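A.B. asks:
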Amino acid sequence: MKVNDQSFYSVKNDMLWYTVIQLSYLIIIGLSFSWMTSIIALCIAVVGFSLLEIINYLEHYGLRRVQKKSGRYEVVREIHSWNSNHALGRILLYELTRHSDHHYRANKKYQLLDYHENSPQLPYGYPTMMVIATIPPLWFSIVNKHVPQEMIELSENKNRHL
Numbered sequence: 080m081k082v083n084d085q086s087f088y089s090v091k092n093d094m095l096w097y098t099v100i101q102l103s104y105l106i107i108i109g110l111s112f113s114w115m116t117s118i119i120a121l122c123i124a125v126v127g128f129s130l131l132e133i134i135n136y137l138e139h140y141g142l143r144r145v146q147k148k149s150g151r152y153e154v155v156r157e158i159h160s161w162n163s164n165h166a167l168g169r170i171l172l173y174e175l176t177r178h179s180d181h182h183y184r185a186n187k188k189y190q191l192l193d194y195h196e197n198s199p200q201l202p203y204g205y206p207t208m209m210v211i212a213t214i215p216p217l218w219f220s221i222v223n224k225h226v227p228q229e230m231i232e233l234s235e236n237k238n239r240h241l
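Structure representation (structure tokens):
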């Protein structure tokens with residue numbers, strides 16, 4: 080907002096609008112049903128965005144793309160996200176576990192996503208890994224052993240230049 084010489088309270092502040100819309104939603108729910116319903120809606124939202132962020136974390140943990148001299152990053156390939164070929168997770172999460180193919184071919188329908196051998200593989204299914212991700216010491220002790228060496232080297236080289 081400062082860059083555009085706008086006040087925080089400007090009508091051009093998207094974050095302010097998002098907040099107003101969310102609060103309006105909760106107020107409408109509370110007035111239409113009950114305030115307890117608003118609290119339940121808020122709790123559902125917290126669970127929803129928490130699950131989304133846990134999934135994002137486990138799908139990309141420890142993986143890097145090379146930044147080119149132009150400042151752009153290399154094209155996304157199947158090695159840039161974790162996969163899990165465990166049947167239960169595939170069924171429950173509608174092939175979300177074949178995440179690397181989604182990145183590799185973004186327009187592909189989820190029912191047709193393929194398994195890639197060269198993608199990093201999570202040691203357990205997504206449901207188990209989601210629980211493990213909420214316990215950082217356990218997560219690091221399990222997953223760090225599976226981060227591809229190529230990604231570790233990219234991280235080490237990046238840190239040397241800082």
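In our numbering, the protein residues as written are 80 to 241.
C-beta: ideal position from N, C-alpha, C; glycine also.
Source: prediction; values computed, not measured.
Between the alpha carbons of Gly168 and Gly204, how many angstroms are there, rounded?
C.D. replies: The sequence position of residue 168 within the sequence shown is 89, counting from 1. The sequence position of residue 204 within the sequence shown is 125, counting from 1. The straight-line gap from Cα to Cα measures roughly 6 angstroms.
A.B. asks: For Leu175 and Met230, I'd like the C-alpha separation in whole angstroms.
C.D. replies: Working through the sequence shown from its first residue, we reach residue 175 at position 96. Working through the sequence shown from its first residue, we reach residue 230 at position 151. Each residue's Cα considered, the two are about 22 angstroms apart.
A.B. asks: Hey, out of Ile108, Glu157, Gln190 and His182, whose CA is closest to Leu172's CA?
C.D. replies: By 1-based counting over the sequence shown, the position of residue 172 is 93. Of Ile108, Glu157, Gln190 and His182, the residue nearest in Cα terms is Gln190.
A.B. asks: On a CA-only basis, which of Gln146, Phe128, Arg151 and Ile158 is nearest Glu138? Give me that one, please.
C.D. replies: Mapped onto the sequence shown, residue 138 falls at position 59. For Glu138, the nearest C-alpha among the options comes from Ile158.
A.B. asks: Residues in its own chain within less than 8 angstroms of Tyr97 by CB, not counting five upstream and five downstream?
C.D. replies: As a first step, residue 97 must be located in the sequence shown, where it is residue number 18. Around Tyr97: no qualifying Cβ.
A.B. asks: Leaving out five residues on either side along the sequence, give the residues of the same chain with a beta carbon under 6 angstroms from the beta carbon of Ser179.
C.D. replies: As a working mapping, residue 179 is identified with position 100 in the sequence shown. Excluding sequence neighbours, Ser179 sits near Glu157, Ser160, Asn162, His195 and Ser198.
A.B. asks: Looking only at its chain, what residues have a beta carbon closer than 6 angstroms to the beta carbon of Leu241, apart from the 5 residues adjacent to it on each side?
C.D. replies: On the sequence shown, residue 241 is found 162 positions in, with the first residue counted as 1. The predicted position of Leu241 is uncertain, since its pLDDT is 41 and thus under 50; a value taken from the coordinates is nonetheless stated next. No residues qualify anywhere along the chain.
A.B. asks: Can you tell me where the alpha helix (DSSP H) holding Arg51 begins and where it ends?
C.D. replies: Residue numbering for the chain in the displayed model covers 80 to 241; residue 51 lies beyond these limits and cannot be assessed.
A.B. asks: With distances taken between CB atoms, is the gap from Val226 to Gly141 smaller than 7 angstroms?
C.D. replies: Working through the sequence shown from its first residue, we reach residue 226 at position 147. Working through the sequence shown from its first residue, we reach residue 141 at position 62. Yes, these two residues count as a Cβ contact at 7 angstroms.
A.B. asks: Please classify Asn135: does DSSP put it in a helix, a strand, or coil?
C.D. replies: As a first step, residue 135 must be located in the sequence shown, where it is residue number 56. Asn135: helix per DSSP, three-state reduction.
A.B. asks: By alpha-carbon positions, which one of Phe219, Met209, Gln228 and Ile214 ends up nearest to Leu131?
C.D. replies: Your numbering for residue 131 matches position 52 in the sequence shown. When each option's Cα is compared against that of Leu131, the closest is Met209.
A.B. asks: Starting from Asn162, follow its DSSP beta bridges and name the residues at the other end.
C.D. replies: Here residue 162 refers to the residue found at position 83 when the sequence shown is read from its first residue. Its beta-bridge partners are Gln200.
A.B. asks: By Cβ distance, which residues of its chain are closer than 6 angstroms to Thr116, with the 5 residues on each side in sequence left out?
C.D. replies: Counting from one through the sequence shown, the residue named residue 116 turns up at place 37. Excluding residues within five positions, the ones whose Cβ falls inside 6 angstroms are Ile108.
A.B. asks: Buried or exposed: Ile119, going by 16 or more other Cβ atoms within 10 Å of its Cβ?
C.D. replies: The residue labelled residue 119 in the question sits at position 40 within the sequence shown. Exposed, by the Cβ-count rule.
A.B. asks: Let me know if Ile211 comes out buried or exposed under the rule of 16 or more other beta-carbons within 10 Å of its beta-carbon.
C.D. replies: Numbered from 1 along the sequence shown, position 132 holds the residue referred to as residue 211. Ile211 should be labelled buried.
A.B. asks: Report the residue from Leu110, Ser111 and Leu105 whose alpha carbon sits nearest the alpha carbon of Ala124.
C.D. replies: Within the sequence shown, the letter at position 45 stands for residue 124. For the residues Leu110, Ser111 and Leu105, the minimum Cα distance to Ala124 belongs to Leu105.
A.B. asks: Just mark Val99 as buried or exposed, buried being the case when its beta carbon has 16 or more other beta carbons within 10 Å.
C.D. replies: One-based indexing of the sequence shown puts residue 99 at position 20. Within a 10 Å sphere around the beta-carbon of Val99 sit fewer than 16 other beta-carbons, which makes this residue exposed.
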